[in-house]
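Chemist:
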Amino acid sequence: MTEEFIRDTDKVPTPEALTNASSKSSQRGELVKVLIIGSPKGVNNTIRTLYSRRFAEVTAWSPLQPTSNPGEVMSVLSRQILIK
Numbered sequence: 001m002t003e004e005f006i007r008d009t010d011k012v013p014t015p016e017a018l019t020n021a022s023s024k025s026s027q028r029g030e031l032v033k034v035l036i037i038g039s040p041k042g043v044n045n046t047i048r049t050l051y052s053r054r055f056a057e058v059t060a061w062s063p064l065q066p067t068s069n070p071g072e073v074m075s076v077l078s079r080q081i082l083i084k
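At position 25 of the sequence shown (counting the first as 1) the number is 25 in the UniProt record's numbering, and the numbers step up by one without a gap.
#1: In angstroms, rounded to a whole number, what distance separates the CA positions of P66 and S39?
#2: Smallest Cα separation from M74: which of T49, A56, R48, G42?
#3: Is L50 helix, strand or coil when you go by DSSP?
#4: Give me the residue from R79, K84, L31 with the minimum Cα distance to W61.
#5: Using a Cβ-Cβ cut-off of 8 Å (strictly less than) and excluding sequence neighbours within five positions of E72, which residues of its own chain qualify?
#6: So if DSSP puts P66 in a beta bridge, which residue, or which two residues, is it bridged to?
#7: Taking the C-alpha atoms as reference points, what is the distance between T70 and N45?
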């Protein structure tokens with residue numbers, strides 16, 4: 001499945017680039033978002049595990065944000081995927 005993802009570039013896309021990319025979704029694919037929710041340690045561990053599997057750069061994930069549950073955080077990754 002990871003082969004379907006468009007390869008990361010050296011730079012993390014800006015919000016403007018993501019907006020422009022989503023407007024061109026019929027040409028390149030579709031913007032999807034991956035959300036991880038859990039303890040800070042659990043979320044960071046999952047992000048590092050996904051990085052080790054070449055899923056996404058650690059810096060591509062959003063900073064940890066608190067949820068409404070005490071001790072729980074979330075992080076989001078936005079990616080363009082190829083649609084077959």
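Here a beta-carbon is modelled for each residue, glycine too, at the ideal position from N, C-alpha and C.
Modeler: A quick look at the data gives this:
#1: 10 Å
#2: G42
#3: helix
#4: R79
#5: I37, G38, S39, P66
#6: V73
#7: The amino acid at residue 70 is misidentified as Thr; the sequence shows Pro. Between P70 and N45, the C-alpha separation is close to 19 Å.
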